[in-house]
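Shown next, in C-alpha cells, is the structure this report addresses.
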Amino acid sequence: NAGVTQTPKFQVLKTGQSMTLQCAQDMNHEYMSWYRQDPGMGLRLIHYSVGAGITDQGEVPNGYNVSRSTTEDFPLRLLSAAPSQTSVYFCASTHPETDTQYFGPGTRLTVL
Amino acid sequence: AQTVTQSQPEMSVQEAETVTLSCTYDTSESDYYLFWYKQPPSRQMILVIRQEAYKQQNATENRFSVNFQKAAKSFSLKISDSQLGDAAMYFCAYRSWAGNTPLVFGKGTRLSVIA
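Keeping their order, the protein sequence lines are chains F and Z.
Residues in the first sequence are numbered from 1204 upward in steps of one, following our numbering.
Residues in the second sequence are numbered from 682 upward in steps of one, following our numbering.
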C-alpha cells in the first residue's frame, strides 16, 4: 500500500511550457484533490474530484486542467506555465469514513 | 463559505515545555470535522489529530490534544513535553460533514522548538 504518490518531486519549466503532474493512490478513495502551497498562503485548492469522470474547480483553478478517468489517477495539467505558478503542489485523497485527507509528498515546481 | 484563521504566524517553545497553537473558524454548519496537520521540513503533510464536531470530548493523541470550543468556534492544539521533532508548520483545517466537500486550511503556524 503506497498511499498517495506524486511525480515528479522537482520540476523546472520555462514560461509557456506545458506539463502534467502525476498523482496516484491505491486506497480506492473516490475523493481526490490538488492544492498549491505558497509562503504565507497556506494550502489553496486548485481542483478536486468526487469520483471517476467528475471534477470541479477549487479556489484557484485558472491555468490548470484536471481529468479523472480512473479512481486511482488524478493528473494536473499546466497548460502554459507562468512564473506565478511557481509553487509546491500537493495531491491528496480522502478516506470516505473518517474524512481524513492523505497527502502525497508534493512537487516543487519552478517556472522561469 | 467556511474560513479558518490561525492568528499566530510563528511560535516558539522550549524543549519539554507546553505550547498551544490557536485556530478559529467560521461556519454556519452544525456538523463538521476539524483537523491539525503537521508539515516538517521534509514537506510531507502529516495528520496530527482529528475532531468530530458532534463529539464534546476533546481528541487526544499521545502528547497532542485539542481544546474544542464549539460555541466559540475555536480549535486549539496543545503540544505537551515539546520535542525537537515537533518543529514544523502546523495547519488547522475544516471539512463539512456533507460528503465530497473540500478541506479548508488556515495559513499555518510555524513552530520552533528551542533546545
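Heads up, the beta-carbon is just placed ideally off N, CA and C, and yes, glycines get one too.
For residue i, list the residues DSSP reports as bridge partners.
| i | result |
| --- | --- |
| Tyr713 of chain Z | Z:Ser777 |
| Ala682 of chain Z | In DSSP, Ala682 of chain Z forms no bridge with anything. |
| Met726 of chain Z | Met726 of chain Z is not bridged to any residue. |
| Asn748 of chain Z | Z:Ser757 |
| Ala1285 of chain F | According to DSSP, Ala1285 of chain F bridges with nothing at all. |
| Asn739 of chain Z | For Asn739 of chain Z, which the question treats as bridged, DSSP gives no partner whatsoever. |
| Ile1257 of chain F | F:Gly1254 |
| Asn1265 of chain F | According to DSSP, Asn1265 of chain F bridges with nothing at all. |
Answer yes or no: does any C-beta atom of chain A fall closer than 8 Å to that of residue i?
| i | result |
| --- | --- |
| Ser1236 of chain F | Here chain A cannot be found, since the structure's protein chains are F and Z. |
Assign residue i to one of two classes, buried (16 or more other C-beta atoms within 10 Å of its C-beta) or exposed (fewer than that).
| i | result |
| --- | --- |
| His1232 of chain F | buried |
| Gln1209 of chain F | buried |
| Val1215 of chain F | exposed |
| Ser1290 of chain F | buried |
| Phe749 of chain Z | buried |
| Gly1309 of chain F | buried |
| Asp1302 of chain F | buried |
| Ile760 of chain Z | buried |
| Ser709 of chain Z | exposed |
| Leu1312 of chain F | buried |
| Phe1213 of chain F | exposed |
| Ala796 of chain Z | exposed |
| Ala682 of chain Z | exposed |
Using a Cβ cut-off of 8 Å (strictly closer), state whether residue i contacts chain Z.
| i | result |
| --- | --- |
| Asp1229 of chain F | no |
| Tyr1164 of chain F | Nothing about residue 1164 of chain F can be reported from this structure: the residues present for chain F run from 1204 to 1315 only. |
| Gln1214 of chain F | no |
| Tyr1292 of chain F | no |
| Leu1248 of chain F | yes |
| Gly1245 of chain F | yes |
| Pro1330 of chain F | This structure gives no information on residue 1330 of chain F, because the portion of chain F shown stretches from 1204 to 1315. |
| Phe1306 of chain F | yes |
| Gly1206 of chain F | no |
Here's a check: name, in chain order, each residue in its chain whose Cβ is nearer than 8 Å to the Cβ of residue i, leaving out the five neighbours to either side.
| i | result |
| --- | --- |
| Tyr1258 of chain F | Looking at the sequence provided, one finds Thr at residue 1258 of chain F rather than Tyr. Closer than 8 Å at Cβ, skipping near neighbours: His1250, Tyr1251, Ser1252, Val1269, Ser1270, Arg1271. |
| Thr1273 of chain F | Ala1255 |
| Ile730 of chain Z | Phe716, Trp717, Ala740, Thr741, Glu742, Phe745, Ser746, Val747, Leu758 |
| Leu784 of chain Z | Phe716, Ala774, Tyr775, Arg776 |
| Val1263 of chain F | Arg1239, Arg1247, Leu1248, Ile1249 |
| Met692 of chain Z | Val700, Leu702, Thr790, Arg791, Leu792, Ser793 |
Residues in the same chain with beta-carbon distance under 7 Å from residue i, minus the five sequence neighbours each way, listed in chain order, please.
| i | result |
| --- | --- |
| Gly1266 of chain F | Leu1281, Leu1282, Ala1285, Gln1288 |
| Met726 of chain Z | Tyr718, Gln720 |
| Val685 of chain Z | Cys704, Tyr706, Cys773, Ala774, Tyr775, Val785, Phe786, Gly787 |
| Gln1220 of chain F | Ala1284 |
| Lys751 of chain Z | Ala734 |
| Asp712 of chain Z | Ala734, Tyr735, Trp778 |
Spatial neighbours of residue i within its chain, please: CB distance less than 6 Å, with the 5 preceding and 5 following residues excluded, ordered by chain position.
| i | result |
| --- | --- |
| Ser688 of chain Z | Ser703 |
| Val1237 of chain F | Sequence inspection shows Trp at residue 1237 of chain F; the Val mentioned does not correspond to that position. If we look at Trp1237 of chain F and ignore the five residues flanking it on each side, its Cβ neighbours are Ile1249, His1250, Leu1279, Cys1294. |
| Lys754 of chain Z | Thr705, Tyr706 |
Under 8 Å between C-beta atoms, does residue i make it to chain F?
| i | result |
| --- | --- |
| Asn781 of chain Z | yes |
| Met692 of chain Z | no |
| Tyr775 of chain Z | no |
| Leu758 of chain Z | no |
| Lys788 of chain Z | yes |
| Tyr714 of chain Z | yes |
| Gln725 of chain Z | yes |
| Leu702 of chain Z | no |
Exercise. For the segment 714 to 722 of chain Z against the segment 692 to 700 of chain Z, are there 3 or more C-beta pairs whose distance is under 8 Å?
Worked result: no
Exercise. Three or more C-beta pairs closer than 8 Å, one from the segment 779 to 793 of chain Z and one from the segment 1238 to 1256 of chain F: is that the case here?
Worked result: yes
For this session: Decide yes or no for the touch test of the segment 756 to 769 of chain Z against the segment 1284 to 1304 of chain F: beta carbon pairs closer than 8 Å, at least 3 of them.
Result: no
For this session: Taking 8 Å as the threshold, find out whether the segment 728 to 744 of chain Z comes into contact with the segment 1277 to 1297 of chain F through three or more Cβ pairs.
Result: no
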